Each structure stands twice: as structure tokens, then as C-alpha cells.
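Report on the following structure.
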Amino acid sequence: MTDAPRTYITTTIPYVNARPHLGFALELVQADVLARHRRRRGDDVRLLTGTDDNSLKNVVAAEAAGVGVQEFVDRNAVAFEGLRAPLSLSFDDFIRTSSDPRHRVGVERLWHRVARAGDLYRKHYEGLYCVGCEQFWAPGDLDGGRCPEHGTPPRPVAEENWFFRLSRYADTLRGLIEDGTLRIEPASRRNEVLSLIDGGLHDFSVSRSRTRARGWGIPVPGDEDQVVYVWWDALGNYVTSLGFGTGDGEFDRWWAGGGRRVHLLGKGVIRFHAVYWPAMLLSAGLPLPTDILVHDYLTVDGRKISKSAGTVVDPADLVARYGTDAVRWWLLRDVPRVGDADFTAESLVRRHDGDLAGGIGNLVNRVVTMVHRYRAGRPPALRGTAPGTVPGVQAVAPVSEWLARAVAESAGRVDAALEAYDFRQAASAVWSVLEEANRCVDATRPWVHARAEKDGDHAAGQRLDEVLGALLASCLVLAELLTPFLPDAAARVTAQCTPVDGVLPAPVPLFPRLADPAAPPGPAG
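According to my numbering, the residues represented by the sequence shown are 1209 to 1733, in order.
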């Protein structure tokens, strides 16, 4: 155990009624960037993801497939956990709510604590239920009689359930959000949550009849005819994965013991994470998350990417076709902090070929080629240093102090953008290192110094050494800043720019172009 700052980062856990889609991949990649960035800044980091197995929609999908529910969710959960390699993810834990031994005992303990607080009661209820959302809707919240999220008419349901006294926590929640104790980003989502609270919070049902649930789910403690509502069950994963209910010290370390507790989620589930979940924690006497980051949707032809809408883009298939770097870079470089982003394979290819192949790859190739051409592959700035070590950009000043300053400022901009959870701005800050290095090439024109040196100008040779050293060091800093975003690509850049026995590897294409000029790729998925 270290004294480093602790950061606990979570994604939502998706239903496993079908294979994963690109919308969830966006959240996974964003969480991975935060985790990698903060590890490199010295934080002690834990990154959690997983699957939500205990939903009615999983039962319905299993019945349609003609297989048992456990077999069905087991099969699909493998596809979600299997995104680790294609997307180069670094999650530390993966929880499955139907089979992880940590989960049920933690959900039961949470239920008991809230019950002891007097916040659970049983009553008869009639309402309109959307299986896709796994929630009741008021008639006034429907869009033409249909669920505003899934576009399907909800089903009328009448039964007796357990309810949670959400209304008791409205004022407390409002105060915690307004004073920043519970930080919600971006500000528009914070205002949305405050509007929900000001509109009046009503107690909500936290159980379902065992009959309607088809016997699937965690039984309500002391009431075997009911199962725990899937959102109560699913939200609990953020603490059950830490051993809440088992006495595991990880809960004290990552949740109760301070540090940052960061939830990433899509805008469609903000009510559950920013209202229901904090209220449940308040009732149970547990700390709240510190940060809630809400992203908007990915769309195809303007329609939300979703399994139920039939607009699925499979991230594993996309990676198989275009590569990990292309997929991650599009998700980070093109998706705005606020507003939906429309996905096309053409935009992904353009971004890869423009930024990665034509940008980063081209710069590194130019610099390494010049070092080989003018210095037989021996980096001037590394003369007299220990093998494998690389000086900072400042070590090659004064030839381009402005380059050193620009690179240093870029690092600060990456930090600030990720602190604000603005991934596109952070990726742009990384890109600015490349822009400054290219400006340095254009301004210093190394080939001119090389010709002058060949004609006997020793001062020109010294200037050439300084320029090449500055450019090579900038490429290494670019790789360092790129690592949280594109870990595989960053490793290739570092290897290309790091001498072996004093000599750089021969230049090779780091990002082969994806586009075939004669036949642009069509939509993927």
C-alpha cells in the first residue's frame, strides 16, 4: 500500500442481452485514458468495469434465443470482458452480477442498512414499465405514449413492491451538488440533475415480483417472493466489487478511506447514478462518489447506437478491420465533450490517415530518417549519455527554446483537459506537440545546415545537432503524452526513437494508411 493519491474509476455495467456496441466502447476507452493518465501522474488507481446480468431484458433475450438465462449471460459476458485486448484496456477488475461471489452478499448488506434507516416500505403500485430501461415511466414523461429512450410503448404493471424513500433526500442531494461535494460534469448535466430534484423526487420501487422477473435476480432479504430491482442490484456493484459485505479491506481503501471515486456513464442513465445511487448511499451511511462524468451518445445516421435500436457497431469487428489505434483515436479525437457524435467508417479512416499516418507517423519517420542520413543513426543529443536514457527537451536548448516551451505547455494542457474530463481537448493538446515539432522543422530547415556542414561550416554542424536533438526529444515527449490515449502506438514511437547500442532503429512506417484511394471503405457494422 502506498501514500499516493487514490483514484477509483468505474464504468457503467451494460446489459448482456446482446454483444457490446461502440457506444459502450467509448465509455471504456474514456475510463482507460483517465486510469492510465493518473497512474503515470503517480496516483494509486483502480479501474472497474463489468456486466449487468440480472435484468429482465436478459431473460427475455435468453428466451428468444432458446437457451437458459445463465448460459445466455455467460456467453455474452465473455464478449464484454474480451474487449480488453482489442481496445488495449487496462481495467483492474471485472465484475459479473450473476456469478461473482462478492456481489450478492454486498447487495444484501446494502439492503439491510437502508432498511435499518427506515427507508424501505412495501405498497401496491400500478404503472407503465419499460423493460429496455428497466424503469417505470409517468404518462407525462412519455413521447407519444412511447419510452423516450427506446421508442417502445411501456407495459402496464400492477403489483406490490418494496419502495425506497427517495423523497427524504431531495434537499440533502441538492446541497451536495450545489456545493461541489458531488461533482457532475459537464455543467449542463449538473443543471439537469438539479432540475430533476427541483421537479420533485418521488419514492421509487426497488423490487419486482419473483413471478414477473421469471425467478431471475437476487431475492429480497426476508421476502423470497420479490427480487431486488435490477438498478439497485447494478448500482451496488461499485461497492460490492470492493468487498462491501465481505469485510474485504479494499472497500475501506477505495471507497470509505478517501480519495476520488469517479463514475463514467451515458446521459440516458444519469437519473440512476446522480439521484438514486447517491440517495441510497446517504441512507446507508456511506460516502458518495466524488465525480460523475456524463457523456452523450454515439449515433449512426443520427440515430443512437444501441442494441434495441438495431444500430449496433461492433467494436471488436471494427478493430479487426481498422486496428486499435484507429478506433481509440476516433473515439477520443472526434467525440465532443457535449453533444452526440455521428459515427462513420469514413470519418474513422480520415482521422487515422490524417492524424496518425500523415501526422505522427510522418513526423517520426522524417526525424529518424534525418538522424540516419546526417548522423549515421546516432542521435546527437544522446552523445555521452548512458545507453537507453533520453534527455528532456530542455537539454537540447537553446536551438529551439520555443519548442521546449510549447511542448511543456502541451503537457499542462493535457492535464487540465483530463481534469475537466474533456477528452477531445486533451487529444488536441497531444496533437499540438506534433504541430510545434513540424513548425520547428520548417523554421530550422535541417537539410540546409547539413549542406553547409558538408561545405565545411562547423557551426552549421553544431546547429544541426541541436535541431535533430530537439526534434527527437520532442518525438519522445509526444510518445509519453500519447501513452494514455494510444498505448500501443506510443510504444512504437518510443521504440523508433530510442537508440539500441547508440543507433536508432531504421525508420519504418508506424501507421500504414487505411484508405484505398480507388475504393473508400463503406460503413462498418
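All residues carry an ideal CB built from backbone N, CA and C; glycine is no exception. On a predicted model such as this, the values are computed, not experimentally measured, just so you know.
Residue burial is scored here from C-beta neighbours: residue 1243 has at least 16 other C-beta atoms within 10 angstroms and is therefore classed as buried.
Taking a C-beta distance under 8 Å as the contact criterion, residue 1711 and residue 1586 qualify as a contact pair. Between the region 1219-1227 and the region 1242-1260, the count of Cβ pairs shorter than 8 Å is three or higher; the stretches touch. For residue 1549, the pairing in a beta bridge is given by DSSP as 1506. A residue is called buried once 16 or more other Cβ atoms fall within 10 Å of its Cβ, and residue 1248, having fewer, is exposed. Separation of residue 1438 and residue 1337 (C-alpha to C-alpha, rounded to the nearest whole angstrom) is 13 Å. For the set 1689, 1612, 1683, 1629, the Cα lying nearest the Cα of residue 1637 is the one of 1689. Remark: C-beta atoms of residue 1588 and residue 1663 do not approach each other more closely than 8 Å.
At a Cβ-Cβ threshold of 8 Å, residue 1369 and residue 1333 count as neighbours. Per the Cβ contact rule, the region 1609-1629 is in contact with the region 1644-1658 (3 or more Cβ pairs under 8 Å). Unbroken beta strand (DSSP E) runs of no fewer than 3 residues, entirely contained in the region 1420-1467, are found at 1431-1436, following chain order.
Sequence-distant partners of residue 1464 (beyond 5 residues in either direction) whose C-beta falls short of 8 Å from its own C-beta, in its chain, are 1494, 1495.
Under DSSP, residue 1333 forms a beta bridge with 1367.
Check the Cα spacing between residue 1395 and each of 1429, 1353, 1475, 1436: the tightest is with 1475.
Under the 10 Å beta carbon count, residue 1272 is surrounded by fewer than 16 other beta carbons and is classified as exposed. With respect to the 8 Å criterion, residue 1456 and residue 1315 are not classified as neighbours on the basis of their beta carbons. For residue 1216, there is no enclosing alpha helix (DSSP H); the enclosing beta strand (DSSP E) covers residues 1214-1218. The bridge partners DSSP lists for residue 1304 are 1259.
For residue 1231, the CB contacts under 6 Å within the same chain, skipping 5 residues up- and downstream, are 1506, 1513 in chain order. Around the beta carbon of residue 1293, fewer than 16 other beta carbons sit within 10 angstroms, so the residue counts as exposed. C-alpha of residue 1319 to C-alpha of residue 1325: approximately 10 Å in a straight line.
For residue 1385, the enclosing alpha helix (DSSP H) covers residues 1378-1386.
With fewer than 16 other beta carbons inside 10 angstroms of its own, residue 1331 counts as exposed.
For residue 1253, the CB contacts under 6 Å within the same chain, skipping 5 residues up- and downstream, are 1215, 1243, 1246, 1247 in chain order. By the Cβ-count criterion, residue 1410 is exposed, with fewer than 16 other Cβ atoms from all chains shown falling within 10 Å of its own Cβ. With respect to the 8 Å criterion, residue 1540 and residue 1237 are classified as neighbours on the basis of their beta carbons. Distance from residue 1521 to residue 1551 at the Cβ level is roughly 6 Å; contact confirmed, criterion being Cβ atoms closer than 8 Å.
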